[in-house]
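A.B. asks: Number 11 in this note's numbering belongs to position 31 of the sequence shown; there are no gaps in the numbering. Every residue gets a Cβ at the ideal spot worked out from N, C-alpha and C, and that includes glycine. Every value quoted in this text rests on a predicted model; they were computed, and no experiment measured them.
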Amino acid sequence: TCHNLLVGLNLASQIRINIEPGLFEWLAWYPDTLPDWMSIEEFRTAGYNVNPDYKPLLSLEELAELRSETCEQFYIRNQQLTETIISNTGVGNILLVGHAATLDTCSRQLLGAPPRTSQDMTKLLKNIPYCSLCTLELDTNDRWNLIDTPAPPLTHSNNHRFDWKGLLTL
């Protein structure tokens, strides 16, 4: 998804992709084993402009140790990673690409809301179709706000239109 977004923006050769295992889905959904991950070299061989020098904030080995995480811990993991990425980046725009829950788990606590329960998260996920976007902006008071996305929601066949304001629900 990230690669094709960059291709669409004519930036695929200019912006390298950092692979961050810590942004992976809730580990409770993988009770027996985690999926096999491509190596950086495999990504590069397949034509993806992946940053070979990026050191993940959470390694695959560390991620595997979190397999019994609760939903709250999943939210905290993503919040901590998001805050570290923001801190390490300094100034400018950051694009995080993940699965549906990433929209909420990476933004919710920045907005001052507590982690959702597993039931509430599951209910929310039913309203997040493929390729949904949300945009956060830091205001002059150092508070994060959800704002209109830079592109309209993508819709096709059975994929309903995403309303990012749904992330503001309690």
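Rounded to whole angstroms, what's the CA-CA distance from Gly146 to Lys103? Just pull it up for me.
C.D. replies: So the two alpha carbons sit approximately 11 Å from each other.
A.B. asks: Just reading off the beta strand (DSSP E) that Ile127 is part of, what are its end residues?
C.D. replies: Taken as a continuous stretch (DSSP letters only), the beta strand (DSSP E) holding Ile127 covers 124 to 127.
A.B. asks: Using the beta-carbon count (16 or more within 10 Å), is Pro95 buried or exposed?
C.D. replies: So Pro95 counts as buried.
A.B. asks: Across which residues does DSSP place Leu116 in a beta bridge pair?
C.D. replies: Note: Leu116 sits in a beta bridge opposite Leu126.
A.B. asks: State the DSSP-derived secondary structure class of Val30, mapped to helix, strand or coil.
C.D. replies: It is a strand residue.
A.B. asks: Decide if Ile(-3) is buried, meaning its Cβ has at least 16 other Cβ atoms within 10 Å, or exposed.
C.D. replies: Buried: at least 16 other Cβ atoms inside 10 Å.
A.B. asks: Should Leu91 and Leu61 be called a contact, given that it needs their Cβ atoms to be closer than 8 Å?
C.D. replies: Contact flag unset, no.
A.B. asks: Which residues in the same chain have their Cβ closer than 6 Å to the Cβ of Glu49, if we skip the five residues on either side of it in sequence?
C.D. replies: Excluding sequence neighbours, Glu49 sits near Leu7.
A.B. asks: Below 8 Å, can you find three or more Cβ-Cβ pairs linking the segment 115 to 131 to the segment 80 to 91?
C.D. replies: The segment 115 to 131 vs the segment 80 to 91: in contact.
A.B. asks: Out of Cys111, Asn29, Ile66, Asn107, point me to the one whose CA is closest to His(-17)'s CA.
C.D. replies: Checking every option, the nearest Cα to that of His(-17) belongs to Asn29.
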